[in-house]
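In this note's numbering, the protein residues as written are 1 to 336.
Backbone N, C-alpha and C fix where the C-beta goes; we use that ideal spot for every residue, glycine too.
The model shown is predicted, which means the values in this text are computed figures rather than measured ones.
Report on one structure; see the data block that follows.
See below:
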């Protein structure tokens, strides 16, 4: 009887303690105003990000761009809804009304099937592969369902994606569908996969692992290292972004290297269907170049709706924990 009594008493105590803490708790990000000196802190309780990989997309079909920030240090994704307008954006942290697929090191939203809905690409079954989640919802409310966890090309080979670099999609041959690009951290070159399908059928064909002959290899060793070299790798990770900087209707390229403090700028001196990427500068923008701890992720986007592209830069390595998400407004013209 004594032992049973003790057990019953413990159960009652447990129930009482549980009921005492059964109140619902809701995360509040903007409930308490916070100031730093005379300046208000806009997002005081979002927690911050260690390695803020970013992308701007209109995820909810309201004609303005929203913001996603991914921290591959703790694998967290944050959604900032644009509650402003095309000309006057205002980003507010929210829990999205949809489920964002899990990824381990990088992500990209892109419409791979021409249905005007954003699909999701991220890390596949292995660290150097690609998973695709198709959007079977609507432009206003995405629903992501796994299409493949190990993307293969037209020859049934695994499509390459460097584990800690960021892949890119852009229609570099002007045929109306997105092509795929990834980086080789071993030697600083770019893989190019042509989309040989169409706007509704995403089929990649591997074309080269040295796209445009580009090799960005800051501080690397020769491609044939001396005998006895322990580490054969030449290079670190990188990021690239394709965008029309000079409003000539073809894609230029910005590139951020793990070991370089700035951004490399390649101007397309070819055509929309036959690109020729010409190395212009290792410091961009020219008047006020990006200079950080290295591994800069660039994005060109018209954030203020004035018809020219602005520049955002994430600083990804843990060497720079503050001032690691930067905005450069374009105060020139669309072409200069």
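Unbroken beta strand (DSSP E) runs of no fewer than 3 residues, entirely contained in the segment 195-223, are found at 204-208, following chain order.
For residue 256, the enclosing beta strand (DSSP E) starts and ends at 252-257.
Fully contained in the segment 43-103 are the following beta strand (DSSP E) runs of length 3 or more, in chain order: 52-57, 66-71, 76-82, 91-94. With fewer than 16 other CB atoms across the displayed protein chains lying within 10 angstroms of its CB, residue 286 is exposed.
Residue 218 and residue 260 have their C-alpha atoms spaced approximately 7 Å apart. With a contact defined as Cβ atoms closer than 8 Å, residue 195 and residue 180 qualify at about 7 Å.
A contact between stretches requires three or more CB pairs, one per stretch, nearer than 8 Å, and the segment 105-122 meets this requirement with the segment 59-75. Taking C-beta atoms as the reference points, residue 293 and residue 320 count as a pair closer than 7 Å. Contact between the segment 95-105 and the segment 128-145 is present: 3 or more CB-CB pairs across the two stretches fall below 8 Å. Excluding the 5 residues flanking it on each side, residue 284 has same chain C-beta neighbours closer than 6 Å at 263, 265, in chain order. Residue pairing from DSSP leaves residue 147 without any beta-bridge partner. Inter-residue distance for residue 301 and residue 309 is about 5 Å (C-alpha atoms, whole angstroms).
Here DSSP, grouped into helix, strand and coil, assigns residue 284 to coil.
Here residue 256 is buried: its Cβ has 16 or more other Cβ atoms, across all protein chains shown, within 10 Å.
Taking the C-beta atoms as reference points, residue 128 is found nearer than 7 Å to residue 161. Taking the Cβ atoms as the reference, residue 55 lies roughly 7 Å from residue 299, within the contact range of under 8 Å. Listed in chain order, the non-local C-beta contacts of residue 214 below 6 Å within the same chain comprise 190, local neighbours out to five positions each way being set aside. Counted as a single uninterrupted DSSP element, the stretch harbouring residue 245 is not any beta strand (DSSP E), since DSSP gives it neither H nor E. Closest in C-alpha terms to residue 118, from the list 60, 201, 151, comes 60.
The beta carbon of residue 57 is closer than 8 Å to those of 65, 66, 68, 109, 118 in its chain, skipping five residues each way along the sequence.
Using a Cβ-Cβ distance cut-off of 8 Å, the segment 159-178 and the segment 233-248 are in contact, since at least three pairs of beta carbons, one from each stretch, lie closer than that value. With contacts defined by Cβ atoms closer than 7 Å, residue 113 and residue 200 form a contacting pair. Nearest to residue 130 by C-alpha distance, out of 247, 42, 204, is 204.
Within its own chain, the residues whose Cβ lies closer than 7 Å to the Cβ of residue 193, once the five positions on either side in sequence are excluded, are 153, 159, 179, 180, 204, 205, 206, 207, listed in chain order. Taking C-alpha positions only, residue 62 is separated from residue 306 by approximately 18 Å. Membership of residue 138 in any beta strand (DSSP E) is not indicated, and neither H nor E is assigned to it by DSSP. Collapsing the DSSP output to three states places residue 297 in a strand.
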